[in-house]
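Novice: From first to last, the protein sequence lines stand for chains A and B.
Position one of the first sequence corresponds to residue 10 (my numbering), numbered consecutively onward.
Position one of the second sequence corresponds to residue 10 (my numbering), numbered consecutively onward.
Where is the CB? At the ideal position from N, CA and C, for every residue including glycine.
This structure is in C-alpha cells; I'll ask about it shortly.
Protein chains: 2
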Amino acid sequence: MSTDNPPLIGATIKKIRKDQSLTLDTLAERSGVSKAMLSQIESEKVNPTIATVWKIARGLEVELNDIIKGGKERVRKFRSINADETTVLDTAGGPHIEVLSPIEMAEDLEVYLLELSPNSVLTSQPHAPGTEEYLTVLSGTVTVIAGEKSAAVEQGGFVMYNCDITHTIRNDTAAAARVHMVVRFLKKNWV
Amino acid sequence: MSTDNPPLIGATIKKIRKDQSLTLDTLAERSGVSKAMLSQIESEKVNPTIATVWKIARGLEVELNDIIKGGKERVRKFRSINADETTVLDTAGGPHIEVLSPIEMAEDLEVYLLELSPNSVLTSQPHAPGTEEYLTVLSGTVTVIAGEKSAAVEQGGFVMYNCDITHTIRNDTAAAARVHMVVRFLKKNWV
DNA sequence: TACCTGTGTTCACTATAGTGAACACGAGAA
DNA sequence: TTCTCGTGTTCACTATAGTGAACACAGGTA
Numbered sequence: 010m011s012t013d014n015p016p017l018i019g020a021t022i023k024k025i026r027k028d029q030s031l032t033l034d035t036l037a038e039r040s041g042v043s044k045a046m047l048s049q050i051e052s053e054k055v056n057p058t059i060a061t062v063w064k065i066a067r068g069l070e071v072e073l074n075d076i077i078k079g080g081k082e083r084v085r086k087f088r089s090i091n092a093d094e095t096t097v098l099d100t101a102g103g104p105h106i107e108v109l110s111p112i113e114m115a116e117d118l119e120v121y122l123l124e125l126s127p128n129s130v131l132t133s134q135p136h137a138p139g140t141e142e143y144l145t146v147l148s149g150t151v152t153v154i155a156g157e158k159s160a161a162v163e164q165g166g167f168v169m170y171n172c173d174i175t176h177t178i179r180n181d182t183a184a185a186a187r188v189h190m191v192v193r194f195l196k197k198n199w200v
Numbered sequence: 010m011s012t013d014n015p016p017l018i019g020a021t022i023k024k025i026r027k028d029q030s031l032t033l034d035t036l037a038e039r040s041g042v043s044k045a046m047l048s049q050i051e052s053e054k055v056n057p058t059i060a061t062v063w064k065i066a067r068g069l070e071v072e073l074n075d076i077i078k079g080g081k082e083r084v085r086k087f088r089s090i091n092a093d094e095t096t097v098l099d100t101a102g103g104p105h106i107e108v109l110s111p112i113e114m115a116e117d118l119e120v121y122l123l124e125l126s127p128n129s130v131l132t133s134q135p136h137a138p139g140t141e142e143y144l145t146v147l148s149g150t151v152t153v154i155a156g157e158k159s160a161a162v163e164q165g166g167f168v169m170y171n172c173d174i175t176h177t178i179r180n181d182t183a184a185a186a187r188v189h190m191v192v193r194f195l196k197k198n199w200v
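Here's what the structure looks like:
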C-alpha cells in the first residue's frame with residue numbers, strides 16, 4: 010500500500026466480512042459497532058478510531074494488523090532451488106557460505122549453509138533491530154558469541170539469538186564445522 | 010496486552026518519542042498532528058482515529074503495528090540446546106524427527122531435522138493459514154508435494170512452500186535422506 | 001527575587017466519528 | 001403486479017476527535 014496516505018481499511022474489512030459470509034447486521038452484533046458505522050467505514054466515508062477498528066477486528070476474529078496492513082491476497086508459495094543454483098559467498102580465508110533462500114526472501118527469512126575451517130572465526134556486524142539467527146550445527150563444534158553471551162554447540166545442537174548486536178561464530182577445533190543458519194527479520198510493512 | 014479493551018497506545022507512543030528524545034512540538038511538526046492532540050493521546054484522554062495514529066507512526070518512523078501491539082520491551086534472546094536435549098518424534102515406520110527449537114518457539118518458528126528412510130513418505134495435514142515451510146536437503150533426494158505443486162530436490166537444494174494445505178515429503182530413492190526443516194507461522198498477537 | 005524559556009496541559013472551539021431510525025433497493029413469493 | 005423481506009445506505013442527531021491559543025510549571029539565568 011502507498012505510504013502517502015493513511016491505510017484504507019474499508020475494503021479490507023469488507024473483504025474479510027464477505028469471506029466469512031457475514032452481513033453488516035451480524036458483524037454489528039458481534040463487534041459492538043453499529044451497522045451504519047460499518048457501512049460508512051467499508052465505503053471509506055469515515056476515518057474510524059483505533060478502538061472502533063479493534064472492535065471490528067475482534068468481531069471478525071482477525072488480528073488488528075491484518076486489517077491495517079491491507080489484507081493482501083496471499084498466493085501460496087512453492088519455490089525450489091537446486092544446489093547448483095545457490096549463491097556462494099566466499100572471502101579469502103573466511104568461511105564458505107552458501108545462500109539457499111531466493112533473493113525475494115532477502116531481509117525477511119534468509120537461509121544459509123556455512124562451512125567453517127578449523128580455527129576460524131566469522132564476525133558479523135549488528136543486523137536490523139529485532140533480527141534473530143537460528144543455528145543448527147550439522148557437524149563439528151562451534152562457539153557462538155552474541156553480545157556478552159556465548160555457548161559452545163556440538164553437532165546436532167541448536168542455538169538462537171538476537172543478532173542486532175555484534176555476533177561471532179568461531180570454530181576453535183581442529184575439524185571443519187558445518188552449520189545451517191536461518192536469519193529472521195522483523196518485517197516492516199510499509200516503511 | 011489484555012484482549013478485553015482496545016489497545017492503549019498512548020504509553021507506547023510516549024515511550025517511543027522519549028526514546029528518540031523528541032518533544033511534543035517536534036513530533037507535532039514531523040507528524041502533522043497537533044501538540045495538543047499528541048498530549049491527549051499520550052495521556053489516554055482521547056481515542057484517536059486510524060489516520061491520526063498512522064501520521065504519528067510516520068513521524069516516529071516506526072511501523073503502525075509497533076504502536077498498536079504495545080511496544081513491548083524486547084529482551085534479546087540467547088538460547089542454546091545441545092543435541093542430547095532435542096526432542097525426538099518417531100513413529101513406527103515413519104521418519105526420524107528431531108525437534109531442535111525450544112518449546113517457547115512453538116507456533117512461531119519451529120526447527121526440525123528429519124531423516125527419511127529409503128522409499129518412505131511423510132504426509133502432513135494443513136497447518137495454520139499462511140504457515141510456510143523451508144527445507145534444506147542435507148543428503149539424499151526428496152520430492153516435496155504441496156497441493157498441486159511438486160519438486161524433486163537433491164542434496165544441497167532448498168525448497169519453500171506454504172504448508173497450510175496437505176503436503177508430503179517423499180524419499181523415492183534407495184538411500185536415506187536427511188532434511189533440515191523450518192516451519193514459520195504467521196503470528197497472532199492477541200487472539 | 002524576578003524573568004525568561006522550553007515543555008506539556010487544558011480550554012473553547014470546529015470538524016467529524018458513531019449511532020438509532022428511516023430510507024432505498026433488489027430478489028423472491030404470493 | 002404487488003408485497004415482503006433482507007441487506008445496505010443515508011439522515012439527523014449526539015458524542016468526541018482534533019486544533020490554535022492560552023495557560024501551568026519547572027529550571028536556568030541575570
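(1) Which complete beta strand (DSSP E) runs does the region 25-106 of chain A hold, if anything under 3 residues is left out?
(2) Whose Cβ in chain B lies nearer than 8 Å to the Cβ of Arg193/A?
(3) Do Val191/B and Gln164/B have their beta-carbon atoms positioned less than 7 Å apart in this structure?
(4) Please list the terminal residues of the continuous beta strand (DSSP E) segment that includes Ile178/A.
(5) Given that Lys86/A touches chain B, what residues does it touch there, using C-beta distances under 7 Å?
(6) For the beta strand (DSSP E) containing Met114/B, list its first residue and its last residue.
(7) Since Val151/B and Ala186/B should fall inside the 8 Å C-beta cutoff, what is the C-beta to C-beta distance between them, to a whole number of angstroms?
(8) Taking Cβ positions, are Tyr211/B and Val120/A nearer each other than 7 Å?
(9) Judging by CA-CA distance, which residue of Glu116/B, Pro104/B and Ile18/B is the nearest neighbour of Glu141/B?
(10) Report the rounded CA-to-CA distance for Gly19/A versus Lys27/A, giving the unit in angstroms.
(11) Got a sec? Which residues, its chain only, sit under 6 Å from Ser110/A by beta carbon, not counting five neighbours each side?
(12) Let me see if you follow: with CB-CB separation under 7 Å, is His105/A close to chain B or not?
(13) Straight-line CA distance for Ser40/B to Leu33/B?
(14) Rounded to whole angstroms, how far is the Cβ of Val162/A from the Cβ of Ser89/B, which I believe are closer than 8 Å?
(15) Over the uninterrupted beta strand (DSSP E) stretch that includes Ser3/A, give me the two end residues.
(16) Is DSSP giving Trp199/A helix, strand or coil here?
(17) If you reduce the DSSP assignment to three classes, tell me which class Ile22/B lands in.
(18) Compare the C-beta of Gly90/B with all C-beta atoms of chain A and state if any pair is closer than 7 Å.
(19) Determine the direct distance from the alpha carbon of Ser48/A to that of Val42/B, and round the result to whole angstroms.
(20) Would you identify the three-state DSSP class for His189/A, choosing helix, strand or coil?
(21) Under a CB-based cut-off of 7 Å, is Lys158/A close to chain B?
(22) Evaluate Lys54/B with the Cβ neighbour count: other Cβ atoms within 10 Å of its Cβ, from every protein chain shown; 16 or more gives buried, anything less gives exposed.
(23) Using a C-beta to C-beta distance shorter than 9 Å, which residues of chain B count as neighbours of Gly235/A?
(24) Classify Thr132/A as buried or exposed, calling it buried when 16 or more other Cβ atoms lie within 10 Å of its own Cβ.
(25) Ordered along the chain, which non-local residues of its own chain (more than five positions away) have a Cβ less than 6 Å from that of Ser148/B?
(26) Under the DSSP definition of a beta bridge, which residues are partnered with Ala160/B?
(27) Under 7 Å, Cβ to Cβ, is there at least one residue of chain A near Leu131/B?
(28) Is there a Cβ of chain B sitting closer than 7 Å to that of Asn128/A, yes or no?
(29) Using the Cα positions of Val62/B and Leu125/A, report the straight-line distance between them to the nearest angstrom.
(30) Pull up the distance between the alpha-carbon of Ile112/A and that of Cys172/B, whole angstroms please.
(31) Measure how close the beta-carbons of His189/B and Leu122/B come, nearest whole angstrom, since I'm counting them as under 8 Å.
(32) Give a single yes or no on whether Ile22/B has its beta carbon closer than 6 Å to a heavy atom of the ligand HEM.
(33) Which residues of chain A have a Cβ atom closer than 7 Å to the Cβ of Ala60/B, listed in chain order?
(34) For Val42/B and chain A, any beta-carbon pair shorter than 7 Å?
(35) Is there at least one Cβ from chain A nearer than 7 Å to Asn198/B's Cβ?
(36) What residues from chain A crowd round Ala281/B, counting only those whose CB sits closer than 7 Å?
Specialist: Inspection of the coordinates gives the following:
(1) Those beta strand (DSSP E) runs which fall completely within the region 25-106 of chain A and span 3+ residues are 87-90 and 96-99.
(2) Those within 8 Å of Arg193/A in chain B are Leu118 and Arg193.
(3) Against a cut-off of 7 Å, the Cβ pair of Val191/B and Gln164/B comes out as no contact.
(4) That run of the beta strand (DSSP E) goes His176 to Asn180.
(5) Here the neighbours are Glu141, Met169, Tyr170 and Asn171.
(6) Judged by DSSP secondary structure, Met114/B falls outside any beta strand (DSSP E); it is assigned neither H nor E.
(7) With a Cβ gap of about 5 Å, Val151/B and Ala186/B count as contacting.
(8) Nothing can be reported for residue 211/B: it is not among the residues displayed for chain B, which extend from 10 to 200.
(9) Shortest Cα-Cα distance from Glu141/B to any of Glu116/B, Pro104/B and Ile18/B involves Glu116/B.
(10) Roughly 12 Å between the two C-alpha positions.
(11) Closer than 6 Å at the Cβ level, and outside the excluded window around Ser110/A, lie Glu119 and Val120.
(12) At a cut-off of 7 Å between C-beta atoms, His105/A does not count as an interface residue with respect to chain B.
(13) Just so you know, the alpha carbons of Ser40/B and Leu33/B end up roughly 10 Å apart.
(14) Yes, Val162/A and Ser89/B are in contact; Cβ-Cβ is about 5 Å, under 8 Å.
(15) Here chain A has residues from 10 to 200 only, and residue 3/A is not among them.
(16) Legend: pLDDT at Trp199/A = 34, less than 50; position of this residue unreliable, value from coordinates given subsequently. Three-state DSSP puts Trp199/A in coil, outside helix and strand.
(17) Reduced to three states, the DSSP call for Ile22/B is helix.
(18) As written in the sequence, residue 90/B is Ile, which differs from the Gly given in the question. It does: the Cβ of Ile90/B has a partner Cβ on chain A nearer than 7 Å.
(19) Across the structure, Val42/B and Ser48/A are spaced so that their CA atoms are roughly 27 Å apart.
(20) DSSP places His189/A in strand when its eight states are reduced to three.
(21) A Cβ of chain B is located within less than 7 Å of the beta carbon of Lys158/A.
(22) Taking all protein chains shown into account, Lys54/B has fewer than 16 neighbouring C-beta atoms within 10 Å of its C-beta and is therefore exposed.
(23) One cannot answer for residue 235/A here, as it falls past the ends of chain A, which runs 10 to 200.
(24) It counts as exposed.
(25) So the list reads Gln164 and Arg187, once near-sequence residues are dropped.
(26) Bridge partners of Ala160/B: Val153/B.
(27) Leu131/B is outside the set of residues whose beta carbon lies under 7 Å from a beta carbon in chain A.
(28) It does not; no Cβ of chain B falls within 7 Å.
(29) About 47 Å.
(30) Rounded to the nearest angstrom, the two C-alpha atoms are 21 Å apart.
(31) Here His189/B really is in contact with Leu122/B; their C-beta atoms are around 6 Å apart, less than 8 Å.
(32) This structure simply doesn't include the ligand HEM, nor any ligand for that matter.
(33) Think of a sphere of 7 Å around the beta carbon of Ala60/B: the chain A residues whose beta carbon falls inside it are Pro15 and Asn56, in chain order.
(34) Taking a beta-carbon distance threshold of 7 Å, Val42/B does not count as an interface residue toward chain A.
(35) Any reading at Asn198/B needs caution, since the residue's pLDDT is 39, under 50, leaving its predicted position unreliable; the model's value is listed next. In terms of beta-carbon proximity, Asn198/B lines the interface with chain A, with at least one pair separated by less than 7 Å.
(36) With chain B covering only 10 through 200, there is no way to say anything about residue 281/B.
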